[in-house]
Amino acid sequence: MEEVDSIILHFLRQLNIDIHTDIKNISELPVEIIVESAIKCVTAINPNLKVPNKLPSGVSQRIEVAAQVASICKDLGYQNDVGYQTFLYHNETELRQVFMFLIEKLPSEDKKLTTKVKPMNAKHQLLQNISNKIAEDLNTIWIPPCCKPALKNNLGDFIYTQGQLEDKTICSNEIVGKIMKINKIKNMIPKSEVSHDVNAVAANDIITTHESDKTLKELKEMSILLRQKLDTLESERNVMDVEYSQVQKNCEHSENDLRNMQNILTSVGITEIESDGIENILQKVHNNIKMLHKKSEDITSKNLSLKIEIDKLKTKISSSESEHIKCRNILTNLKETAKRLKDECEIKEELKNQLKLKYEKLKGGNKRHIYTKRILEIIGNVDKQNAEIKKILEDTRQLQKEINTLEGQLDRCFSIADETLFRDAKRDDQAKKAYKLLALLHSECNTIVSLVNETGILSRDIIDLEDNIKAEKSKRTEDILKKIQIDLAKLQNETS
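Under full-length UniProt numbering, the first residue of the sequence shown is numbered 1, with each subsequent residue one higher.
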């Protein structure tokens, strides 16, 4: 029972009850500690109970508190007899049974109810909130943030349908109208500014990135080639425009010179001049002008087709760049989430280590699993003893059967010998003496058997009486009577 008492004392110390380390048996506990331990146990089982934490000094108040605790034990399901005398005038066996029952009813570590203590100030409130949050996080299953429904909705914003990636069809009439407007604006603006703006726009449209994929590079290379072709055609067009302007200027100079010559000739008096040469020259000039116009129109059409291809490539590049940007944003978000989770994991690991150290400091006495192991060993020993007792009982039954069989055989032998000697005793004196000795032997044997049985019964009664004496001694009846007399005297003094 010392091991059982050590387990009970260990659990009572875990309830923050001040029990001296020298105490090894619950019978050594004072009444105040016994009642306080019972109160702590019932309040741990049901925190809603309102019971005084300490045992009062008055005798009547002590009896009331002890009776209240006893009634609570009955309400919890304790089957044996329990009353105020169980705690105030305790019996070691009954007290051990009560505490074993209360310890079995204590909530386990994972089901303990956390009592809410009103914080004294903001600091205590913050610490309490942090501890509650840590306890809640430790009790819940950890789920990655990327698997939570809220984050799924955010990731869904990055998903787009294939229909959004399809190239939008552009009406050819709108393109032609826009190109005509652009040409009109170009004719109104000086060509040097137009070329500068075109080059600036082209330079702004082509964006190179270091982290682009193979498709994006191919599209950019095609765009660069088309840009080069466009620049070549524009340079040719500029050259032809310059030549055309020079031809126009030369034509104007020629016409001015021709007018001057005609004026000079008319002033001189020469009016008839052969116009065949002049008309041929003018015809050649007009043909050259038409040819230049035709080349300019061809260059313009090529320029329009190249611009359309450039716009298509730009749309493809922009779509691929948008995909790349979205993927990069998703990757950045995932990296940030992973970093945040890593930081949280490190913080929780540190908190776990701190709590582990705190737990190692707070837990007193032997470890709980050692007591559990010892209890299992005790149960195993009890099972072994039970098996041995059953074996002894079985051997006793077999021995009783053998004894009954031998008694039957002896009775039959005696009856046969009795009949035989009784018949011979009528004719022979020796047979008569033998018959008397046989009767005497039979009576003596019966007496011996009865004495052996009585001896066994007496020894059994002696053992029972010794057990009863030990039980009565364990009840400490004399000490309890002395305590009752002292409490009675105190109660009389209180009433008087």
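Note that the Cβ used here is the ideal one computed from N, Cα and C, for glycine as well.
- D5 counts as buried, since no fewer than 16 other beta carbons sit within 10 angstroms of its beta carbon.
- Around the beta carbon of V65, 16 or more other beta carbons lie within 10 angstroms, which makes this residue buried.
- Taking C-alpha positions only, S305 is separated from N329 by approximately 36 Å.
- For E466, the enclosing alpha helix (DSSP H) covers residues D429 to K475.
- I26 sits buried, since 16 or more C-beta atoms from the chains shown fall within 10 Å of its C-beta.
- By the Cβ test, the segment 330-350 is not in contact with the segment 223-240, since fewer than three Cβ pairs between them sit closer than 8 Å.
- The C-beta of K220 has 16 or more other C-beta atoms within 10 Å across all chains shown, which makes the residue buried.
- Counting along the chain, no alpha helix (DSSP H) covers Q79, and no H or E run does either.
- Residue state for D383 is assigned as helix, using DSSP reduced to three classes.
- In the structure shown, V51 falls within a coil segment according to DSSP collapsed to helix, strand and coil.
- Approximately 7 Å separates the beta-carbon atoms of I34 and L95; this is inside 8 Å, confirming the contact.
- The segment 434-441 and the segment 404-421 touch, with no fewer than 3 CB-CB distances between them shorter than 8 Å.
- Pairwise C-beta distances place the segment 32-46 in contact with the segment 66-75, as three or more of them are shorter than 8 Å.
- Three or more Cβ pairs closer than 8 Å define a contact, and the segment 81-95 meets that threshold against the segment 470-479.
- Linking N381 to E344 through their CA atoms gives a straight-line distance of about 49 Å.
- Note that the segment 451-471 does not touch the segment 17-24; fewer than 3 beta-carbon pairs, one per stretch, sit closer than 8 Å.
- In this structure, E32 lies near L55, with their beta-carbon atoms less than 7 Å apart.
- Comparing alpha-carbon positions, the option among I469, I134, T332 and E243 lying closest to L355 turns out to be I134.
- If only uninterrupted alpha helix (DSSP H) runs of at least 4 residues are considered, none is enclosed by the segment 293-354.
- A Cβ-Cβ distance of about 16 Å is found for the pair V51 and Y78, leaving them out of contact under the 8 Å criterion.
- Residues A417, D418 and L421 of the same chain have their beta carbon placed closer than 7 Å to that of L438, with the five preceding and five following residues left out of the count.
- DSSP, reduced to helix, strand and coil, places D18 outside both helices and strands of the structure shown, so it counts as coil.
- Between the alpha carbons of T315 and S301 lies a distance of about 21 Å.
- With contacts defined as CB atoms closer than 7 Å, V59 and L491 qualify as a contacting pair.
- Rounded to whole angstroms, the gap between the alpha carbons of M240 and E321 is 38 Å.
- Excluding sequence positions up to five before and after L313, its CB lies within less than 8 Å of the CB of L219, M222, S223 and L226, all in the same chain and listed in chain order.
- Secondary structure note for S37: its alpha helix (DSSP H) is the uninterrupted segment V31 to I45.
- In its own chain, leaving out the 5 sequence neighbours on each side, no residue places its CB closer than 6 Å to the CB of N48.
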